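All residue numbers for the sequence shown refer to my numbering, where the first residue is 328 and numbers rise by one. Cβ coordinates follow ideal geometry from the N, Cα and C atoms, glycine included. Bear in mind that the values here come from a model prediction, so they are computed numbers and not experimental data.
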Amino acid sequence: MPVIVYKPERKVIVDGVQRTIAKHEQWFVRDTSRDFHAAGIIIRKEQLKPGRVKIGNNEFIIIAASFLDQYKGIRREAQIITRKDLGFIIGFCGLTKDSVVVESGVGSGAATILFAKLCKKVHSFEIEQKNIEVAQENMKRLGVKNAVVKKADFYDVKAVKAKNADIVLLDLPEPWKALDTARKCAKLGGYIVAYTPSITQAAKFVSSLSEGMLHERTTEIIDRDWRIKGDAVRPVTADIGHTAFLTIVRRIL
Ligand SMILES: C[S@@+](CC[C@H](N)C(=O)[O-])C[C@H]1O[C@@H](n2cnc3c(N)ncnc32)[C@H](O)[C@@H]1O
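Set out below in structure tokens:
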């Protein structure tokens, strides 16, 4: 059973002033059949179970890894879609436990796994055999049984056999080339979502839409962390990371 090992922050009072002498650290431990080594400490395999472990002056807290902890640790071959963007797709397109999703490409399977945990069925199409294998390994590790990955070129409408999808997700370099396939796979009233790192890709996708494909919106989900420390309450000083633009189209004909 994978676990999370936490090393809590340690503080001491020196001359009446509180000082941090060890920062909070945490590790995801997938393989608990072996001793865990990190930052100069060893936790024996018999100790790698939920509870508290004292080693020298340090106390560690161990909890069972959740689905999300394991999801964050998936093997990454291709660039994955982040949870902030997947969360938007789920909410905006109204994914439910009865939904059917078609997606391409599968990449590392990050989108596949999160959708499959929430919906009825995911049909994924991928052109690279290596990526299919990585995604399938990740799916197996996360206990996903309601997703199938097939080798196919999603730009080739004849190569893809799928229909009645509530959501068709296109995470491909040239999504405008996949519009005929996406139309074939989406049910009437279903959504087609293009995930494009560049706005020029989004623009080309929108200008390629044919009759009956309603462009609902193109958006970017901006996620900004805040620092909260005493009275210092302000956005974290860092560039706002860009992931991709999301273009949402509804098939109405
Ligand atoms: C950025 S990755 C997808 C990441 C995935 N959505 C995830 O969240 O893990 C893009 C994938 O599209 C695949 N791909 C590119 N062109 C394709 C095509 N014509 N048909 C199917 N898959 C394709 C690539 O091999 C790559 O694995």
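Next on the checklist: Closer than 8 Å is the cut-off here; do at least three beta carbon pairs connect the segment 458-477 with the segment 514-532?
Outcome noted: Remark: fewer than three beta-carbon pairs, one from each stretch, lie closer than 8 Å, so the segment 458-477 and the segment 514-532 are not flagged as touching.
Checklist entry - At which residue ranges does the segment 491-560 contain complete beta strand (DSSP E) runs of 3 or more residues, listed in the order of the chain? => result Positions of the beta strand (DSSP E) runs, each at least 3 residues long and wholly inside the segment 491-560, are given as 492-497, 513-523, 540-546, 553-556 in order along the chain.
Checklist entry - How close, in whole Å, do the beta carbons of Leu496 and Glu430 come, if the pair is a contact with beta carbons under 8 Å? => result So it is a contact: roughly 4 Å between Cβ atoms.
Next on the checklist: Can you look up Asn465 in the DSSP assignment and give me helix, strand or coil?
Outcome noted: Asn465 falls in the helix class under three-state DSSP.
Checklist entry - Thinking just about the alpha-carbon of each residue, which of Lys372, Val560, Val330, Leu536 is nearest to the one in Leu354? => result The identity of residue 354 in the sequence shown is Trp, whereas the question assumes Leu. For the residues Lys372, Val560, Val330, Leu536, the minimum Cα distance to Trp354 belongs to Val330.
Next on the checklist: Going by DSSP in three states, Ala366 sits in which element: helix, strand or coil?
Outcome noted: DSSP places Ala366 in the coil class of the three-state scheme, outside both helix and strand.
Item to check | Val563, buried or exposed, once every other Cβ within 10 Å from all chains shown has been counted against 16 | outcome: Counting every other CB atom within 10 Å of its CB across the protein chains shown gives Val563 a total below 16, marking it as exposed.
Item to check | Of the residues Asn491, Phe394, Ala509, the one placed nearest Ile519, counting alpha carbons only | outcome: Checked all of Asn491, Phe394, Ala509; the closest Cα to Ile519 is Ala509.
Checklist entry - In chain order, what residues have a CB nearer than 5 Å to some heavy atom of ligand 1? => result After applying the 5 Å Cβ criterion, the set is Ala405, Gln406, Ile407, Ile408, Ser431, Gly432, Gly434, Ser435, Ala437, Ala438, Glu453, Ile454, Glu455, Asn458, Asp480, Phe481, Tyr482, Asp498, Leu499.
Item to check | Spatial distance of Asp425 from Lys447 (CA atoms) | outcome: Using only the alpha carbons, I get a separation of about 5 Å.
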